[in-house]
């Protein structure tokens, strides 16, 4: 023999999993009559750390009277809003009216849910130059829609504009994916500002020793992706895959910065094989079946990037850069390629390439868009270059800024390009790992040139 026991009225509340501070919610409670009689019910809700939205202010409880037909359900809605962060608790109560024909029934159920603190933050920076006895007053206004009960206003000052670039480093360090381009860009960008990281502690980055261990791990990962010809793949060096030309040149660029900074020990075989790949870049491109679909603009850009990287490795490549310019002409060279060639041409110790440099600079000045404060270049490779070269306008500006700093560091165009480049930051960083690493390289060089004098000033808040 078996018995089935059930309550005459079933209560099923449906609260949300959580609420945020300031949220409004409509909590539903379903009542089910499990008898064969009509029932007159009183149902109510009592809340703590939640405000019931009723016509009466500061009301802590609200209720309904309802007639529930046999074996029927009804949903009651209780609108409310949160009061504080923490935990909100709700008691749902139901009782029947006492009658002679049936026994009185009372029941209740309690639920709680977390109320989270808003976690939105807003960061902004201002920068500029102060000359001699000049005094600058910088007003600070409270952000709109700020919640007074939460958060803080934190103000920091720095004597170098390089400190404003730490958000871009954080973006590179915390980037979740690790293909060859992203690992190389992380190493490039962080190494470019290694001195700044040692001088200015950034709360969102680990200690320098931990950061160094992470970068060493990235370097070892890259070493494992190198092919016998010295090139690198996007993710692997499997036999059924091929070295990607742009990836290979980009890793070599990374190795050049690491060697010059002398923070990490770069494997000699890895370095020599990578340089060998750069020296044979044209034949390496031609060996790949899919490169027959590439435009000359993309091919010459890759060769220009390879010459730039070899120049960073202190190789004399000015003659090769001059020959490439004669072969291609301006029509088949992107603005990025011209920037890379300018740096390659600057390796000429005898100044025999000055006239070529002047021609390139004149051509570039005709391609720049200037305002009274900023400047930028706009260019495109076409469909194949977008995917092969990972092109973007901000990367182009960064490459040309670095090139002009080699050729004419006192040009007002350098200052305008720097301001224009920084104006495109979103939450302190640029839009991709490519943009971040090239922008950090260029701005590091710019600020080291512009901030040669030891600062001597007082900042009062």
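Numbering (my numbering), first residue to last: 860 to 1320.
Glycine residues also receive a C-beta, built at the ideal position from the N, C-alpha and C atoms.
Take residue i and list the residues in its own chain whose beta-carbon comes closer than 6 Å to its own, dropping the five residues that flank it on each side.
i, result
"residue 1254", "1293, 1294 and 1297"
"residue 956", "899"
"residue 1071", "none"
"residue 883", "940"
"residue 1104", "1144 and 1161"
"residue 1262", "1198, 1201 and 1202"
"residue 1207", "1177"
For residue i, count neighbouring C-beta atoms within 10 Å of its own C-beta (all shown protein chains included) and say buried if the count is 16 or more, exposed if not.
i, result
"residue 1268", "exposed"
"residue 1248", "buried"
"residue 1149", "exposed"
"residue 1085", "buried"
"residue 1169", "buried"
"residue 1089", "buried"
"residue 1320", "exposed"
"residue 1186", "exposed"
"residue 1282", "exposed"
"residue 1378", "Because the chain here runs from 860 to 1320, residue 1378 falls outside it and cannot be looked at."
"residue 1136", "buried"
"residue 881", "exposed"
"residue 1021", "buried"
"residue 839", "Missing from the structure shown is residue 839; the chain here goes from 860 to 1320 and no further."
"residue 861", "exposed"
"residue 921", "buried"
Leaving out five residues before and five after residue i in sequence, what residues of the same chain have Cβ atoms less than 8 Å from its Cβ?
i, result
"residue 1074", "1045, 1046, 1049, 1050 and 1123"
"residue 1257", "1280, 1294, 1297, 1298, 1300, 1301 and 1302"
"residue 931", "891 and 892"
"residue 1184", "1192, 1200, 1215 and 1219"
Inspect the beta-carbon positions of residue i and residue j and report whether they are closer than 7 Å.
i, j, result
"residue 1321", "residue 1111", "Nothing in the structure corresponds to residue 1321, since the chain is present only between 860 and 1320."
"residue 1166", "residue 1180", "yes"
"residue 981", "residue 998", "no"
"residue 923", "residue 906", "no"
"residue 1060", "residue 1115", "no"
"residue 910", "residue 887", "no"
"residue 934", "residue 972", "no"
"residue 1288", "residue 1027", "yes"
"residue 1304", "residue 1264", "yes"
"residue 944", "residue 976", "yes"
"residue 1197", "residue 1219", "yes"
"residue 885", "residue 936", "yes"
"residue 1082", "residue 1126", "yes"
By Cβ distance, which residues of its chain are closer than 7 Å to residue i, with the 5 residues on each side in sequence left out?
i, result
"residue 1216", "1201, 1204 and 1266"
"residue 1234", "1227, 1228, 1272, 1275, 1276 and 1279"
Give a yes or no on whether 7 Å exceeds the smallest Cβ distance from residue i to chain B.
i, result
"residue 942", "Checking the listed chains, one finds no chain B in this structure; it contains a single protein chain."
Please name the residue, chosen from the options, that lies closest to residue i on a Cα-to-Cα basis.
i, options, result
"residue 1006", "1230, 1054 and 879", "879"
"residue 1023", "1160, 860, 1080 and 1286", "1286"
"residue 1107", "1189, 1129, 994 and 1034", "1129"
"residue 1211", "1101, 1236, 1175 and 1191", "1175"
"residue 817", "1222, 1064, 891 and 1206", "Since the first residue shown for the chain is 860 and the last is 1320, residue 817 is missing from the structure and cannot be characterised."
"residue 820", "1283, 969, 1127 and 895", "Shown here, the chain extends from 860 to 1320; a query on residue 820 therefore has no answer."
"residue 1333", "1013, 1098 and 870", "Past the boundaries of the shown model lies residue 1333; the chain is included only from 860 to 1320, so the question cannot be answered."
"residue 1260", "1276, 1251 and 1270", "1276"
"residue 1078", "1042, 1066 and 1092", "1042"
"residue 969", "952, 975 and 979", "952"
"residue 1120", "1036, 1141, 1053 and 908", "1053"
"residue 938", "912, 1262 and 1010", "912"
"residue 1131", "1156, 1208 and 1087", "1087"
"residue 985", "1011, 996 and 1214", "996"
"residue 1238", "1140, 1163, 862 and 1252", "1252"
"residue 954", "974, 994, 1093 and 904", "904"
"residue 1291", "867, 1029 and 967", "1029"
"residue 1011", "1311, 979 and 1035", "979"
"residue 866", "967, 1208 and 1213", "967"
"residue 1139", "1097, 1164 and 1093", "1164"
"residue 908", "1208, 974, 1093 and 868", "974"
"residue 1188", "1207, 1206, 1155 and 1113", "1155"
"residue 950", "1158, 872, 1109 and 1159", "872"
Could you compute how far the alpha carbon of residue i sits from the alpha carbon of residue j?
i, j, result
"residue 1032", "residue 1057", "15 Å"
"residue 1117", "residue 876", "49 Å"
"residue 1308", "residue 1226", "25 Å"
"residue 1190", "residue 1040", "28 Å"
"residue 1146", "residue 1055", "42 Å"
"residue 1037", "residue 1080", "9 Å"
"residue 874", "residue 925", "21 Å"
"residue 1009", "residue 1000", "17 Å"
"residue 1100", "residue 1065", "36 Å"
"residue 1141", "residue 1095", "22 Å"
"residue 897", "residue 963", "13 Å"
"residue 1213", "residue 1232", "29 Å"
"residue 889", "residue 863", "22 Å"
Return yes when at least one heavy atom of the ligand SAM lies under 6 Å from the C-beta of residue i, else no.
i, result
"residue 1267", "With respect to the ligand SAM, the structure shown offers nothing to examine, as it has no ligands at all."
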